[in-house]
Structure formats: structure tokens, C-alpha cells
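S.K.: Can you keep this structure in mind? I'll have questions shortly.
Protein chains in written order, with our numbering: chain A, 10 to 460; chain B, 490 to 827; chain C, 45 to 425.
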């Protein structure tokens, strides 16, 4: 089979077929017959001979994470630009190893469609289906919650279209619910716990009583578990773990019991608006001015982002947490990305933007490596792929669970910001080796390559 | 005991917020007979009055951060501080209470425009159509706010003298363990004042008496030659102001975003109905009752016995009350029963 | 619409059937002819038709119908997980379980009327949602949603043949229930659902419900116990919601708690009012419009807008794109909200009423032209 046949199993254009006439219709069918079991078989939304290939960007455009989604979309647009050889190239200049040529993907121009996940599983799947069935996308990327990521990832597996997760932090995404067609560049709750451990010990010692407030759904539980295990290894005691309803708004009734519980650390396993509200209110209750057991009372938010820090205002100052990436990093790749994003949009990218941008590039690069858009081959190219120059240091897409392993940033809310964007200060870059784990601990099954 | 007292305080505080929102809603029900699904949006608009004033006061001189090269990052110093020094800083820090002054005229205007421009055409229409049009309005309002202010919550700080906690336990001789945020105490006090003011207005002014008479029997009052319609329009404006003030004062507790109204919408309806349709005292007492019960249900001791009870307590109480008392706590017969 | 008569009903049925089955054709020009959206049209059409049986006929406004949708979905997915991937048991379980759930909730809620009834149903649905999201996670899989896994027992399927390598598909005796076959399955269900609804509207039972709506007190004074009738209507309408929920699971085997949230209950209320309460086809129209906005309007982005307005001069084009951008893509909610207002302000009675007015306008004009007086009101369906 020639290369051309691999892109187009039919092997002949309609015009050629007509030229050959009725007798040779058998011959027209023949290449398809021969290739049926070869690796270039028919697959959903095969771009074939088309001059362009369509990516689907499925982000929250309405609802609480709309701003995060808007930033993700900006990053995707930038990625498409760079893939097509427009603009200054961004991380295409720093990525190693790189197979991308800046002429689209496999010579096809990249175009995109967008959709609104509303941060709801149903809406996200409906939008993803629209992209697959109507718009003919070859891959889907995006999302701003683990529920959505797991839901769309399941759909991706059923439909045979690769899904590159956006922001999702639950262990389940690449653990219990991992899928062959789903890939996550973002870090997870387990890694947050591992990375925070040493810093917590250094800052707050090993004699602490921790009180958890946890968003009552799967992401919250996995994070609570991960952080609890880490802190208990340090010698901390867990006073209580309390579940709070999602979107509770006012958390006062959960915060007052902390006051006299004997705990001297409050860990907020909340994200987004829940975190902004619970942190604001916890500070209002004077927790940070408190002395318990002869120590300063501390609040920890294991996962936070710059947008959340912005929403929490002064309350975030001095609070420790982890993040996937921050625009203040000084490596060449981060600088290149911040430069092109900043020049394009006049503001630095968020961590969600970075993970989405990188995901789009990684997918495109894998297609070039595989020499085809045929998903099983692209998946194999991504599995075990080791790369650098994408802003997180040397990184590996682990084959066993499709989780990226890379350094994790421990950050602190900046006490004295030098600008409106300078909200997080990197305390420590925890090396990859400290956050690695055995993929078996979370179970799950990737499923087959061919669907 | 400490924990119990703290939850009572929480409950009162929450209840104050619920009561304030429900009060406006039930005023509109009782007078105009309109199901206003945009009431939550009014609460949100009030909160954004505070945001606007804060942004106005902190219009800043921007000094470019030289370390950032690819886009413009600024160290911002508000002109208020440059011009007036510490006095400017102080004024900025009082932006939330100051926005009450802004919110009263703005919300009154919004209320009047809404009533004259839209609601008045829906008095005679079915409740279903009232729901659709006011829900549509609520979406439009919140989306416009999103366009103007973004989707991310915008933090609002309480004035520094109200930062920190009040030694409530010390005051009542229960030791220093019981403390409660000053701002929340202020909010509780404020909601009490507003509720009292609305009741006093309705009870002790002639104007209010006519309105009450109109609520009870619109036709008769109309036959007496009183322009009850104009008074009801004003009442709608007052309801908007009450919702708006509740929103303004709530901002230091809950950093507002464009979706804030929707989050309170369902809850405020539950409060109003549990209180009984058309009853102002009912709405207020239901607000406090649900607030306190919600706080108690969230105590670990209770949650350990009934897991998840804090998630459903409000609705559970609503069901029980409506089954025991057919018209809620103090509802009048025949109001919105068909 | 014209005067209801058996003959006219059969014509209506035939037109409806043809229109539904031909949806992939006539919806293509507006970009809505792809399986997932067509399935959603049919499914939410069923949901709204069922809701209308309760609200349109009895006037009881339930604000908690999404709970039945959710129960139907969960039951269907559990049927896929435990028994078989065949969709018939799933649909059956989903509908029946939702019906049982409706008996419970209806029995309690129907003790009250008016807004008290609405709040009772709302309370039950919100309790279901909150519990499904958190403490009932072992049954519902919480936020992530209930999905199929390779470890599911699927006793019937596995007794017949060995499980395959990947996740199985929902099927109807070997026909995959995704894509167009899935749509046609939903479409057939919709047609049946519509037919049953039509029969109910025309039946003595339907008349009884309408009588209750117009004056319940008078009905009770005649010594007539209205509650059993209301309960039956409530349960039928709950079963429609359960059917819709199980079809959601059939076309896409995932059940999430969000389906039970008050916003979902509110959505079906809006669909029904938008299309026209108490009319036969109105609720379906409303459902279609809301789903169309959700899926198509939200997908317009700058790139597409620039494409559409490319013919305009540059300066004007940028302005036009910026302004339209407010209403599509991330601004689709704004358009939807404005649409609700416009329709209810200018077309009291919803879309069907609007269509009727337009029709009667033309009819009157042509009658007037022929010198016929038009004082008599046009009969309403």
C-alpha cells in the first residue's frame, strides 16, 4: 500500500473511478478490501483527501467556569495558529522531540469547531456528539471538571475519537475511569498530595491536627483521600473530614465547628466558586488569626488556580497549594508560550490554557509521528511519549494509564503582588520522581485500541 | 454548648439573608399577584452595585511592571489614594456600606422600570406566562452582567473595622471560645432593621395601610377611588430595593458573580411558600426557621446519624410543613392555590 | 388547527408521523440533521408531551419532573449493567420505575394545589438530586455519572455469548442504538407517545381533567373525588418522563445526577410554555427550539462568524461580528432569554397560539375579501 492509500482507503477519487468505467468498479472496491485489516482501515471522521482536518474544542462557555473556558478557548485558537505555521510559533520552537512542521498536521490545515459543556456531563456529551456526528472532528479536547472529563472520555472510547482532557484533577480520570481514547496532561489529586507533603512538613512541622472540608462528590473525595494519606504519613492527625454540598454558597455552618475542634490546620478540598466562598468565609471567621495548640492556625487549599486566587482576593495571600503550571515560570518554553499568548490577548495564560494548548500540540505531534490520523496508531504514538520544552520540564505520557508525569508546582498566594496578574508565587518545584505512583493502585482498565 | 450557640448564630444569619430575599418576593406576590422569577436577578444586581462602586472608587493609576514584557501588567494605585492619601484608602475600604447609598436609587429605578416596562402587562396573564417572561428577563440580566463583569467572582472586602470576629461568648458569659465575624453580626442586624422598616412602613403609615388593604381586597380599595395601581408599582420598587440591599450587604460573605441570583432563586421560593403565600410575617419566620434548621443539620453529630441530611434538610422541612399546614406557616386561604 | 374530529385526528397523526420520520431531511438546511440532536428532539419531545398531559390538562404545575427523567435514566443504565444491552427491558424498567416513583411523589404532592403543589414536587426532585449527587453515589456514581464498565455482570448477555473486548453497545436485537437507528427508535417512541397523548386529550378522562382544571371546587362539590384522576395524570406524565430518561440512556448509556436538578425541571416547564400549554404539538416545538439553541447557537464562534460575514467590508464586518458574537457562542443564553421574553410578550399562548393567529389572520383576510363576516371566534384545539 502506498502512503496515499493509507490516508484514503478508497484509493481513488470519484473522478478517477468514473473514468475507469463500469467494468472496473470491482477494482475500485479492491483497495478497500485489501486494507480492511491493515492499520489504515476506515475510522470515524477520516479526513481522507480533504485539505483540512477539524479539531473539536469543548469548553465551558456558560456557568461558573465560563472564564476558565474562555481562556482555554484562547489557548486552543493560539495552538491552531501555531500548528498552521501562523504567528510566532510559541512552544513549537521549544518542543523536543518535535515532528510538527508548522504546515498543519500531516500537511492538512487545522480548522476547529467549538462547543459549550456548561460544566454538565449531559451537555458536554451532547456537544461532543455534535462535533463527532455533524462537524466531523478527528479529536476533541477541553473541559473544566472531572465529571465532564470522565463522561466525554467514555464517549470518546465508544465513538473511537481521541479525547485530550482539559482541566481535570480527579484521580479517577486516569485511574478507575481511564480510557484508551482519553489522555490527561493535567496533574491529579494524588500528585497534589505527594507534592504538598514535604513543603507542609517544612512549613508547619509534623505535629498538626488537620480538619478537612470536602466537596461532596468524587473529585473532592479523591483529593481528601490523597491529602489525608500524605499528611498522616507526615505524622499529622486528622481531626475530622466533613463533606459539604456542592455549591453550598454559605459555608458558615461547616466552618464554626472547626473553631473549637482542636484542629490547627484547615484543608479545603474545594474548587472554583466553592473554594472562593469557603476560603473567604473561613478567613472571616478569624481562623487565620487564631492560635491553637501554641501554633498559628493555617489554611491549605490543595488545588488552586490564578482565576480562583483572583476571586478570593486578599484572602488567598499566604495560602499554600499546588498548581499545574504558572505563567511566571522562567524556562524557555513557558516564556515562549507566555509571550505569544500575552501578545495575542494582552494577558497571561492560566494553567487551564497551558494544559489545553499543550494537549492540542501533543495530539498533532503524535499524528505526525504515526504518519496517520488512524486513532489506534496515534494512541500508540502518544503512549509512553517522552517530551520536553512544554513548560513542565521533562514529561512522560505513561502508557499504563495515559497520565502525564512531570514536575508539580507548590505555590503560595502572593503576599505582595507586583501586578494584577502576579497572584501566585512558586514555592517549590517538586520533581516528578516524588509524585510518581504505581498505576495499579487506582485500578481501572484502558480498554481496546480498536472500537 | 458552644457549638450549639454558634449554629444558632449561623442559622440566624442565614435566616436573615433568606428572609430579606423572601420578603421582597412575597411583597410582589401579595400585591401584584405576579410570580417574579427575576427576583434573584435583583438580588444579584444589588451585589453588582457594590462591585461597580468598588471599581469606580479604585480607578487606578497604572504603573507598568517592567519585569513583564509580553503584555501589560500593572501595579495599580487607586487615584483616591494618590489624591486623598489615607482618607482615600479609608473611603475605598468602606465601599460596601457606601454602595447602599448607590443601591437604593439604582434598585428603585430598576424596580420601577421593570414594573412599568414589563410586569404591568402580565397582571392578567397566567402564572405560567409570568414565569416564562420573568425567567427570560432574569437570564438576560445575568448575561448582560456577565458580558460587563466576566464570570469569575469579584471579591468585596468588608471595612477593616468589621474584619475579624466579635467576642460573642465573652459578652454573654460563655467564655472566649464563642466568636462570630463582625460582618455577619452587622448583616444580621441590618436584615433585622430592613425587615422592621418594611413592616413599620406597611403597618404604621397610611400609605402602607392602603397597600395592605389592597393586598386583602384589591377591588374594594379601587372602588374607593384610590389609585392602588400606582402604590403597587412603588411596592415593586421597594421589593427591588430590599432585594438589592440584601445583595449589597452579602458581598463580603459571598464574592458575587453573574450567576448569584439563580442560586438564591429556588431557595427564596421555598422560603416564601413555606411561610405561606401572601404573608410577610410568614416569609420572615420561614426564613429564620429554615436557616436555623439548616445550620443544625450540618453539625457533625447530626450528619453522622443521618448522612447527607444537610443536603436535603430545607426541602424535607418544606415537605413536612406543607403537609401539616396546608398553606404553609401563615398563608392565607385561596392565594395562589389554583 | 381545526375542529377536533376523529378524521382530523387521523390526518394530524399522519402528518405528525411523516414530519417526525422525515426530520433528517427537512432539518438538514438549518444544520440540525445529525443523529444526536435528532434523538434529543424526539426524547425531549416525549418529555414535554408527557409534562403537558399533567400541566396542560389539569393545570398542576410540577416543578420536579426532572426527577422522573433521572430515575428513568438510572433504571435503564442499571438494566444495561445487570441484565442485557437490549434496550427493551431498559425502556420498560425506566418507564415503570419512574411510574412507581411518580405514584409516591404524586400521592403526597397532590394533597396540595397551586404553588404549594409546585414547591412540593420541587422539594422532592431537589432531594433526589442532592442525594444522587452525594450519599447515593454507590447507586448513581455521583458527579461522574453512571456508566457501563467492562466488569458489569450483564447476566443475560453473558449467558448467551462471551463478552467482547470493549464496552458493548446498546442494541435492539442486534441493531446498534446509536446514530440514526437510535433516532428512529426514539422517533417511533415519540409517535406512540404522541398518539397516546392525543387519545388522552380526546378521552372522557381528558375531559374530566380539563373540568378539574377549570373549576376543581365545583367538581368536589358535586361529590366527585378528583384526586384519583389527578394521580393517574401525574403518574402517566411521570412515566413519559421516565420513558424519555430511559431513551436518553439508550442513545447514550450514561446517567448523571444533573438530569434531576431544578434547572432540568424548569427546562421542561419552559419548553411547554414556549410551545403552548395544553396544545398537542406545542410542547414538542418548544423542546425542539430550546435544544436547537443549546446545541447549534452555542457552537457559533468568531471563526464561523467571520466566514458568514466575509462579504461585508472589513470595518463593518468586525463590528457585525462583535455584535452578533454577543448572542451566539458563549452568549447563547442571552439569546434564549430574550427569545422567551419576546415570544411570551408578543405571542401569548406560545408558538402554537402564534401560528393560529397568523393562520386566522390570513383566513379572515381571505374571508373578508369574499365578503364574509368574521365576528365568530375561531375554534381552538
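Backbone N, C-alpha and C fix where the C-beta goes; we use that ideal spot for every residue, glycine too.
Within 8 Å of any Cβ in chain A, is that where the Cβ of residue 570/B sits?
M.R.: Here residue 570/B corresponds to residue number 81 of the second chain, with the count starting at 1. By this cut-off, residue 570/B is not an interface position.
S.K.: Taking the DSSP output, what are the residues bridged to residue 397/A?
M.R.: Residue mapping note: residue 397/A aligns to position 388 of the first chain, counting from 1. Answer is 105/A.
S.K.: With a threshold of 8 Å between beta carbons, is residue 220/C in contact with chain A?
M.R.: Position 176 of the third chain, counted from the start, is the residue given in the question as residue 220/C. Output row for residue 220/C: interface = no.
S.K.: Quick one: what's got a C-beta closer than 7 Å to residue 578/B's C-beta in the same chain, skipping five residues either side?
M.R.: Translated into the one-based positions of the second chain, residue 578/B becomes position 89. 570, listed in sequence order.
S.K.: Given residue 500/B, which residues of its chain have a CB within under 8 Å of its CB, disregarding the five upstream and five downstream residues?
M.R.: Here residue 500/B refers to the residue found at position 11 when the second chain is read from its first residue. Correct list, in chain order: 777, 780, 781, 782, 783, 784, 785.
S.K.: Would you mind telling me which residues of chain C sit closer than 7 Å to residue 122/A, beta carbon to beta carbon, in chain order?
M.R.: On the first chain, position 113 is the one that residue 122/A refers to. Here the neighbours are 343.
S.K.: So for residue 87/A, helix, strand or coil by DSSP?
M.R.: On the first chain, position 78 is the one that residue 87/A refers to. Correct three-state label for residue 87/A: helix.
S.K.: So, for residue 5/A: in the same chain, excluding its five sequence neighbours on each side, which residues have a beta-carbon less than 7 Å away from its beta-carbon?
M.R.: As shown, chain A starts at 10 and ends at 460. That puts residue 5/A outside it, with no answer to give.
S.K.: Which residues, in chain order, does the region 531-561 of chain B contribute to contact with chain E at a C-beta distance below 7 Å?
M.R.: Among the protein chains in the structure shown, which are A, B and C, there is no chain E.
S.K.: Pull up the DSSP beta-bridge partners for residue 567/B, would you.
M.R.: By 1-based counting over the second chain, the position of residue 567/B is 78. Answer is 549/B.
S.K.: Count the other C-beta atoms from every protein chain shown that fall within 10 angstroms of the C-beta of residue 285/A, then say buried if there are 16 or more, exposed otherwise.
M.R.: As a working mapping, residue 285/A is identified with position 276 in the first chain. Residue 285/A is buried by the Cβ-count criterion.
S.K.: With DSSP as the reference, identify every bridge partner of residue 276/A, one or two as the case may be.
M.R.: On the first chain, position 267 is the one that residue 276/A refers to. Paired residue(s): 221/A, 309/A.
S.K.: At least one CB of chain A closer than 8 Å to the CB of residue 491/B: is that the case?
M.R.: Counting from 1 along the second chain, the entry for residue 491/B is found at position 2. So yes, residue 491/B belongs to the interface.
S.K.: Strictly by DSSP, which residues pair up with residue 670/B?
M.R.: As a position in the second chain, residue 670/B is number 181, starting the count at 1. Answer by DSSP bridge pairing, in chain order: 654/B.
S.K.: Note down, in chain order, every chain A residue with its Cβ under 8 Å from the Cβ of residue 800/B.
M.R.: Walking along the second chain from the start, residue 800/B turns up at place 311. Near residue 800/B (Cβ distances below 8 Å), the residues of chain A are 225, 254.
S.K.: Of all Cβ atoms in chain B, is any one closer than 8 Å to the Cβ of residue 54/C?
M.R.: Numbered from 1 along the third chain, position 10 holds the residue referred to as residue 54/C. By this cut-off, residue 54/C is not an interface position.
S.K.: Using DSSP with H/G/I as helix, E/B as strand and the rest coil, what is residue 508/A?
M.R.: Outside the shown range of chain A, which is 10 to 460, sits residue 508/A, and nothing can be said about it.
S.K.: Taking beta-carbon pairs under 8 Å, can you tell me which members of the region 241-274 of chain C lie near chain B?
M.R.: Under the 8 Å Cβ criterion, the region 241-274 of chain C contributes 260.
S.K.: Work out the CA separation of residue 742/B and residue 251/A for me, nearest whole Å.
M.R.: Here residue 251/A refers to the residue found at position 242 when the first chain is read from its first residue. Here residue 742/B refers to the residue found at position 253 when the second chain is read from its first residue. The straight-line gap from Cα to Cα measures roughly 21 Å.
S.K.: To be precise: take each residue of the region 766-785 of chain B, compare its Cβ to all Cβ atoms of chain C, and keep it if any distance is under 7 Å. Which residues remain?
M.R.: Residues 766.
S.K.: Please identify the residue among 361/C, 336/C, 338/C whose C-alpha is closest to the C-alpha of residue 347/C.
M.R.: As a position in the third chain, residue 347/C is number 303, starting the count at 1. Measuring from the Cα of residue 347/C, the nearest candidate turns out to be 361/C.
S.K.: Quick check: is the beta carbon of residue 464/B nearer than 8 Å to any beta carbon in chain C?
M.R.: Lying before the first or after the last residue shown, residue 464/B is absent from chain B, which here runs from 490 to 827.
S.K.: Kindly indicate which residue of 295/A, 303/A, 267/A has the alpha-carbon position closest to the one of residue 787/B.
M.R.: Within the second chain, residue 787/B is the residue found at index 298, counting from 1. Residue 787/B has its Cα closest to that of 267/A, out of 295/A, 303/A, 267/A.
S.K.: For the putative contact between residue 818/B and residue 771/B, defined by C-beta atoms under 8 Å, what is the C-beta separation to the nearest angstrom?
M.R.: Counted from its first residue, the second chain places residue 818/B at position 329. Counted from its first residue, the second chain places residue 771/B at position 282. Contact flag correct, Cβ pair sits at about 5 Å.
S.K.: Is the region 504-521 of chain B in contact with the region 560-570 of chain B, if contact means three or more CB pairs nearer than 8 Å?
M.R.: Short answer: they don't touch.
S.K.: Hey, is residue 501/B's beta-carbon within less than 8 Å of any beta-carbon in chain A?
M.R.: Here the question's residue 501/B lines up with position 12 in the second chain. So no, residue 501/B is outside the interface.
S.K.: Return the chain-ordered ranges of every beta strand (DSSP E) run that is complete within the region 124-153 of chain A and spans a minimum of 3 residues.
M.R.: You should have 148-151.
S.K.: Hey, how far is the Cα of residue 57/C from the Cα of residue 201/A?
M.R.: If you number the third chain from 1, residue 57/C lands on position 13. If you number the first chain from 1, residue 201/A lands on position 192. Answer to the nearest angstrom: the Cα atoms are 60 Å apart.
S.K.: Tell me which residues of the region 625-649 of chain B have at least one Cβ-Cβ distance to chain A shorter than 9 Å, keeping chain order.
M.R.: For the region 625-649 of chain B, which is checked against every Cβ of chain A, the residues closer than 9 Å are 632, 635, 639, 640, 641, 642, 643, 644, 645, 646, 647.
S.K.: Are the C-beta of residue 666/B and some C-beta of chain A separated by less than 8 Å?
M.R.: For the purposes of this step, residue 666/B is taken as residue 177 along the second chain, with counting starting at 1. Judged by the 8 Å Cβ criterion, residue 666/B is in contact with chain A.
S.K.: So, are the CB atoms of residue 797/B and residue 172/C less than 8 Å apart?
M.R.: Against the second chain, residue 797/B aligns to sequence position 308. Against the third chain, residue 172/C aligns to sequence position 128. In this structure, residue 172/C does not lie closer than 8 Å to residue 797/B by Cβ.
S.K.: Report yes if the CB atom of residue 327/C is closer than 8 Å to the CB atom of residue 183/C, and no otherwise.
M.R.: Residue mapping note: residue 327/C aligns to position 283 of the third chain, counting from 1. Residue mapping note: residue 183/C aligns to position 139 of the third chain, counting from 1. No, the Cβ-Cβ distance between residue 327/C and residue 183/C is not below 8 Å.
S.K.: Could you round the C-beta distance between residue 726/B and residue 600/B to whole angstroms and report it? I think they count as a contact, below 8 Å.
M.R.: Counted from its first residue, the second chain places residue 726/B at position 237. Counted from its first residue, the second chain places residue 600/B at position 111. About 4 Å; that satisfies the 8 Å criterion.
S.K.: Considering only their Cβ atoms, is the gap separating residue 355/A from residue 638/B smaller than 8 Å?
M.R.: Within the second chain, numbered from 1, the residue matching residue 638/B stands at position 149. Within the first chain, numbered from 1, the residue matching residue 355/A stands at position 346. For residue 638/B and residue 355/A, no; Cβs fall outside 8 Å.
S.K.: Using 10 angstroms around the beta-carbon of residue 73/C, count the other beta-carbons present and answer buried if the total reaches 16, otherwise exposed.
M.R.: Taking the third chain and counting its residues from 1, one reaches residue 73/C at position 29. With fewer than 16 other Cβ atoms within 10 Å, it is exposed.
S.K.: Does chain B have any CB closer than 8 Å to the CB of residue 291/A?
M.R.: As a working mapping, residue 291/A is identified with position 282 in the first chain. No - not a single Cβ of chain B is within 8 Å of the one on residue 291/A.
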